[in-house]
Amino acid sequence: MTARGFATNIRLGLVAGLVVLCFGVLAVRLVQLHVIDRDHYLSQIQNTRHDIVPVLARRGDIYDTRRDLLATSQTEITLAVDPWALSKKLDLPRSPARREKVASAELEKRGRLAAELGMSAADMEAFFTPSWRDVSVDRDTRDEVADGRVRVEWKKLREGVSEEVFARIAALRVTGLTAERTYRRVYPHNELAAHLIGFLNKEGAASGGVESFADLYLSGHSGWREVERDGRRTELAQFRTREVTPSNGWGVVLSIDTAIQHIVEQELGAIVANFKPGKATIIVSDAQTGFLLALANYPTFNLNAYGSAKPEVQRNIAVSDLIEPGSTFKIVAAAGALNEGMVKPDSKFDCTLTTINYAGKVRRFMRDDHRYDHALTVAEIISLSSNVGAAQLAMRLGDRPFYDYMRLFGFGERSGFPLGHEEPGILADPAKWTTPDITRIPAGYSVAVTPLQIHYAMGTIASGGNLMRPQLIRQVLDAQGEVVYSFKPAVRRTVLAPATAQSMALMLQKVVSEEGTAKVAAIPGFEVAGKTGTAQKIIGGRYSDRDHVGSFVGFFPASRPRVVMTVVVDDGHPPNGRIGYGSVVAAPSFRKIAEQLIQYMDIKPVVAPVTGGLIARNEKALP
Amino acid sequence: MNTLNRRAFATQIFLSALLMVGVGGGLGFSIVDMRHRISVSANNARVMEQSIAESGRRLAEIGGQVAAEQSPEVLERRNQSLALGLGLPRENQVVRVAVSAGERLAAKRNAEIFASENGLVSMPIRFNLGGAPR
């Protein structure tokens with residue numbers, strides 16, 4: 000007899016039917032889930048599991064030339080509270096004893112949270128007390144009942160919580176407490192170089208300074224990723240679908256040096272204390288490259304408290320404010336006449352004249368403060384700051400060539416300094432000059448310039464005749480700190496022949512000599528070249544006898560210039576009712592800063608040191 | 000086909016189906032296990048990523064604190080409060096030497112060598128007893 004085994008027809012049919020039935024049930028369920036109820040379940044998933052997480056880019060840092068941090072980004076946490084979270088948690092089915100225990104534990108946690116944030120427990124409880132907010136009925140869609148009020152589910156508890164404090168707070172695991180991490184811009188040096196650095200406001204928008212100018216480099220691009228979360232809102236990392244990684248901002252290295260900037264700002268503080276000026280500015284730059292080493296203004300503000308700074312103190316007056324330069328402007332006429340070969344340093348001019356016939360008209364000179372008993376050389380016109388002499392030098396050049404030299408020196412045009420809304424200044428075309436202009440403009444009146452323009456005009460002589468482009472950014476670094484781009488010194492134009500610049504430097508040295516107008520700026524053992532300036536301010540449409548803009552612009556060592564420096568004190572009032580001459584309010588500060596720079600920058604004297612004889616004496620003392 | 004062969008074939012099919020269910024189940028379990036491992040790895044990577052970000056944040060915070068502490072203003076305040084008296088030298092405190100430091104040190108060193116070769120260096124001393132030196 001043949002064995003029939005398990006596989007009888009009936010059994011096979013039953014098994015096959017069972018399998019088909021199972022698959023049929025599965026198929027029906029699958030159709031129900033994936034076709035019929037698809038939208039319902041997808042929306043549930045979208046609401047509960049799907050999330051888009053922004054990944055913020057970190058803004059690049061700003062460094063000084065020694066790579067000291069001037070501006071950096073730090074994270075801070077904004078804490079918020081959902082007052083209804085605890086009641087929702089307590090509403091879950093649980094025993095009264097358990098509910099009591101949870102509530103008591105949460106109360107204790109909130110007490111510790113209050114202590115961490117320096118708040119009273121009562122204030123903290125007020126944040127966690129459930130409340131309602133009135134809304135119009137048609138907008139009341141956040142809960143099931145359209146009664147014109149909705150639950151307040153988000154209350155900001157505290158901004159600017161540091162990571163350190165937040166780590167302790169997070170460990171408490173307070174129910175209903177949420178945290179959002181944002182970047183905050185931090186300026187470690189507070190007021191230092193405030194007008195150069197600029198700041199980032201609450202909205203994260205750059206305002207002024209390098210922050211604004213280099214925003215393209217600094218800002219970076221934020222990223223995002225699509226994630227799914229589980230029931231506890233924890234990210235399910237394996238379900239990250241799409242991700243755009245953030246690219247952090249690049250760093251910017253400035254040419255300023257915090258130490259030099261500090262020296263300058265200290266001296267500016269001394270000027271403010273001594274002379275109580277309305278405004279003051281000090282600019283220091285590298286004589287050969289034109290890179291700024293320091294730039295400070297008074298009034299100034301704290302970058303970390305920009306909100307309390309008025310708009311007028313945020314202005315970079317070195318580039319945005321116009322002044323009549325006074326005698327510092329005399330370098331233009333002198334350099335122009337020398338460069339054209341029309342005069343020599345020892346050419347003489349009668350500076351006792353009160354009027355002169357020029358271009359068919361009688362012109363009245365601006366009077367000099369001193370009477371001279373002899374004709375002045377060009378060198379003396381500079382060192383003694385003769386208005387009459389400067390006017391005659393300009394007349395020797397002629398209106399149009401003199402105007403051209405002013406333009407060549409950078410007056411009447413923007414220097415290209417990218418920060419602080421630079422003003423071009425006011426310099427009228429010779430066709431529009433009035434009769435007295437040719438006597439006034441060479442002495443620094445009837446023109447309006449910025450302190451930065453005066454500075455770089457003097458820098459033209461220091462650099463050997465080249466007008467340099469004012470530059471502040473030395474390098475751009477990528478997010479890893481590697482140098483991406485280095486800025487090189489840029490010559491805007493050649494203004495003077497090197498020999499002319501050399502002659503001017505020699506003449507400007509006499510300004511700080513015993514006979515010059517600024518002997519207080521002299522530094523023993525060092526060649527200092529410079530020019531004082533004192534311009535009367537126009538108050539109520541008339542030149543004031545009390546209010547002056549005093550300035551000193553110079554460089555050193557004169558025969559091998561390293562540093563160009565400008566000190567401008569607007570409306571300074573020296574003690575004892577003296578006039579705020581440049582030699583009184585500005586030149587001493589030039590010397591004080593220069594003395595410190597000599598040590599800090601290791602600037603060697605070019606002239607023979609006064610202690611040169613020590614070597615011979617010391618050699619005798621050798622054992 | 001006779002009945003015997005048909006049944007044998009059906010049995011083979013049945014056994015094959017069972018085998019396929021077993022293999023499929025095993026494969027399913029493997030996939031589930033693999034997915035579990037992927038999720039664990041992804042989660043570990045996420046935790047590590049958070050940890051790196053946390054370190055970066057701490058570094059930035061500490062960097063900012065260090066920069067603030069190294070600010071010239073703060074250093075100067077510390078200098079005053081601790082009465083350290085540190086500061087830049089003034090020009091009148093500096094003795095500028097016109098010869099090269101190398102030559103000067105070499106001269107000093109050579110003088111010491113030559114002095115030792117000559118033996119002890121004696122210097123005449125005269126005592127003035129009981130009176131002012133002549």
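Residue numbers (numbering that gives the first Met the number 0), protein chains in the order written: chain C, 0 to 622; chain Y, 0 to 133. Cβ atoms here follow ideal geometry from the backbone N, Cα and C, with glycine treated the same way.
If you compare alpha carbons, which of M365(C), R362(C), G388(C), K360(C) is closest to H373(C)?
-> Looking up residue 373(C) in the first sequence gives position 374. It is G388(C) whose Cα lies nearest to the Cα of H373(C).
Candidates I35(C), R150(C), A557(C), F126(C): which alpha carbon is nearest A500(C)'s?
-> Along the first sequence, one-based indexing puts residue 500(C) at 501. Nearest C-alpha to A500(C): A557(C).
Does the beta carbon of G63(Y) sit closer than 7 Å to a beta carbon anywhere in chain C?
-> Locating residue 63(Y) in the second sequence gives position 64, where the first residue counts as 1. G63(Y) counts as touching chain C.
With a CB to CB cut of under 6 Å and the five nearest residues on each side skipped, what residues in its chain are close to F525(C)?
-> Reading the first sequence from its first residue, position 526 is the one you call residue 525(C). Counting only Cβ-Cβ distances below 6 Å, and skipping sequence neighbours, we find F555, P556, P604.
Within the chosen definition, does the region 211-224 of chain C reach the region 42-61 of chain C through at least 3 CB pairs nearer than 8 Å?
-> Flag = yes, the region 211-224 of chain C and the region 42-61 of chain C touch.
Beta bridge counterpart(s) of E179(C) as assigned by DSSP | Walking along the first sequence from the start, residue 179(C) turns up at place 180. Residue pairing for E179(C): DSSP places it in a beta bridge opposite T77(C).
Give the straight-line distance between the Cα atoms of A236(C) and V52(C), rounded to the nearest whole angstrom.
-> For the purposes of this step, residue 236(C) is taken as the residue at position 237 of the first sequence. For the purposes of this step, residue 52(C) is taken as the residue at position 53 of the first sequence. Taking the straight line from one Cα to the other gives about 12 Å.
Check distances from the C-beta atoms of the region 506-536 of chain C to those of chain Y and list, in chain order, the residues that come in under 9 Å.
-> Within the region 506-536 of chain C, contact with chain Y at the beta-carbon level (separation under 9 Å) is assigned to I522, P523, G524, F525.
Just the Cα atoms here: how many angstroms apart are R577(C) and S588(C)?
-> Numbered from 1 along the first sequence, position 578 holds the residue referred to as residue 577(C). Numbered from 1 along the first sequence, position 589 holds the residue referred to as residue 588(C). Straight through space, the alpha carbons of S588(C) and R577(C) are spaced by roughly 17 Å.
DSSP state of F328(C), grouped into three classes?
-> Against the first sequence, residue 328(C) aligns to sequence position 329. DSSP places F328(C) within a helical segment (H, G or I) once states are collapsed to three.
Expressed to the nearest angstrom, what Euclidean distance is found between the alpha-carbon atoms of P450(C) and L112(C)?
-> Locating residue 450(C) in the first sequence gives position 451, counting from the first residue. Locating residue 112(C) in the first sequence gives position 113, counting from the first residue. A direct Cα-to-Cα measurement between P450(C) and L112(C) gives close to 53 Å.
Endpoints, beta strand (DSSP E) assigned at K536(C) | As a working note, residue 536(C) is residue 537 in the first sequence. Counting along the chain, K536(C) sits inside the beta strand (DSSP E) bounded by residues 528-538.
Identify, in the order they occur along the chain, each residue of the same chain with its Cβ nearer than 6 Å to the Cβ of N386(C), setting aside the five sequence neighbours on each side.
-> To locate residue 386(C), count along the first sequence from 1; it is residue 387. Excluding residues within five positions, the ones whose Cβ falls inside 6 Å are M365, D367, A442.
K360(C) - partner residues in DSSP beta bridges | As a position in the first sequence, residue 360(C) is number 361, starting the count at 1. Y357(C).
Quick one, which of T240(C), G230(C), M467(C) has its alpha-carbon nearest A41(Y)'s?
-> Here residue 41(Y) corresponds to residue number 42 of the second sequence, with the count starting at 1. Closest option to A41(Y), Cα to Cα, is T240(C).
Could you tell me which of T64(C), V527(C), G539(C), V511(C) sits nearest to E379(C), measuring between CA atoms?
-> Taking the first sequence and counting its residues from 1, one reaches residue 379(C) at position 380. For E379(C), the closest of T64(C), V527(C), G539(C), V511(C) by C-alpha to C-alpha distance is V511(C).
Residues of chain C with a CB under 8 Å from the CB of I37(Y): which are they?
-> Position 38 of the second sequence, counted from the start, is the residue given in the question as residue 37(Y). The contacting residues are Q237.
Does the beta-carbon distance from L253(C) to D67(C) come in below 7 Å?
-> Counted from its first residue, the first sequence places residue 253(C) at position 254. Counted from its first residue, the first sequence places residue 67(C) at position 68. No.
Would a check of beta-carbon distances place A59(Y) closer than 7 Å to chain C?
-> Start at 1 with the first residue of the second sequence, and residue 59(Y) comes out as number 60. A Cβ of chain C is located within less than 7 Å of the beta carbon of A59(Y).
Are the C-beta atoms of N4(Y) and some chain C residue less than 7 Å apart?
-> Your numbering for residue 4(Y) matches position 5 in the second sequence. Taking Cβ atoms only, chain C never reaches closer than 7 Å to N4(Y), which makes this a no.
Quick one: list the residues of chain Y neighbouring D229(C), beta-carbon separation under 8 Å, in chain order.
-> On the first sequence, residue 229(C) is found 230 positions in, with the first residue counted as 1. Within chain Y, not a single residue places a beta-carbon under 8 Å from that of D229(C); the smallest gap is close to 10 Å.
Would the region 456-469 of chain C and the region 389-408 of chain C be scored as touching if the rule is three or more Cβ pairs under 8 Å?
-> Below 8 Å, enough C-beta pairs join the region 456-469 of chain C and the region 389-408 of chain C to call them touching: three or more.
Tell me whether V27(C) is buried or exposed, calling it buried when 16 or more other Cβ atoms sit within 10 Å of its Cβ.
-> For the purposes of this step, residue 27(C) is taken as residue 28 along the first sequence, with counting starting at 1. Counting Cβ neighbours within 10 Å, V27(C) comes out exposed, since fewer than 16 surround it.
Classify E152(C) as helix, strand or coil using the three-state DSSP reduction.
-> In the first sequence, residue 152(C) corresponds to position 153, counting from 1. DSSP, reduced to helix, strand and coil, places E152(C) outside both helices and strands of the structure shown, so it counts as coil.
Quick one: which chain C residues come within Cβ less than 7 Å of N42(Y)?
-> For this step, residue 42(Y) is matched to residue 43 along the second sequence. Going along chain C in sequence order, the residues near N42(Y) (Cβ under 7 Å) are A236.
Going by Cα to Cα distance, which pick from D38(C), Q391(C), R468(C) is closest to T634(C)?
-> With chain C covering only 0 through 622, there is no way to say anything about residue 634(C).
For a contact meaning CB atoms closer than 7 Å, what does I597(C) contact in chain Y?
-> Along the first sequence, one-based indexing puts residue 597(C) at 598. Under the 7 Å cutoff, chain Y gives E90.
S206(C) by DSSP, collapsed to three states: which one?
-> As a working note, residue 206(C) is residue 207 in the first sequence. S206(C) falls in the strand class under three-state DSSP.
Proximity of L396(C) and G325(C) at Cβ, strictly below 7 Å = As a first step, residue 396(C) is located in the first sequence; it is residue number 397 there, counting from the start. As a first step, residue 325(C) is located in the first sequence; it is residue number 326 there, counting from the start. Taking the C-beta atoms as reference points, G325(C) is found no nearer than 7 Å to L396(C).
Nearest CA to the CA of K286(C): which residue from V584(C), A585(C), E422(C), V563(C)?
-> Your numbering for residue 286(C) matches position 287 in the first sequence. The question names Lys, but residue 286(C) in the sequence shown is Ala. Checked all of V584(C), A585(C), E422(C), V563(C); the closest Cα to A286(C) is V563(C).
Beta bridge counterpart(s) of K518(C) as assigned by DSSP | Residue mapping note: residue 518(C) aligns to position 519 of the first sequence, counting from 1. Paired residues: none, contrary to the question.
Flag this pair as touching only if the region 242-257 of chain C and the region 173-183 of chain C have three or more C-beta atom pairs under 8 Å; answer yes or no.
-> Segments in contact, no.
Spatial neighbours of T625(C) within its chain, please: CB distance less than 6 Å, with the 5 preceding and 5 following residues excluded, ordered by chain position.
-> Nothing can be reported for residue 625(C), as the shown portion of chain C is limited to 0 through 622.
With DSSP run on the structure shown, which of helix, strand or coil describes D367(C)?
-> Numbered from its first residue, the first sequence carries residue 367(C) at position 368. Judged by DSSP in its simplified three-state form, D367(C) adopts coil rather than helix or strand.
Assuming R138(C) contacts E124(C) (C-beta within less than 8 Å), just tell me the rounded distance between them.
-> On the first sequence, residue 138(C) is found 139 positions in, with the first residue counted as 1. On the first sequence, residue 124(C) is found 125 positions in, with the first residue counted as 1. E124(C) and R138(C) do not touch by the CB rule: their CB atoms are close to 30 Å apart, not below 8 Å.
Within chain C, partners of R77(Y) - CB distance below 9 Å = Position 78 of the second sequence, counted from the first residue, corresponds to residue 77(Y). Those within 9 Å of R77(Y) in chain C number zero; the least Cβ separation is about 14 Å.
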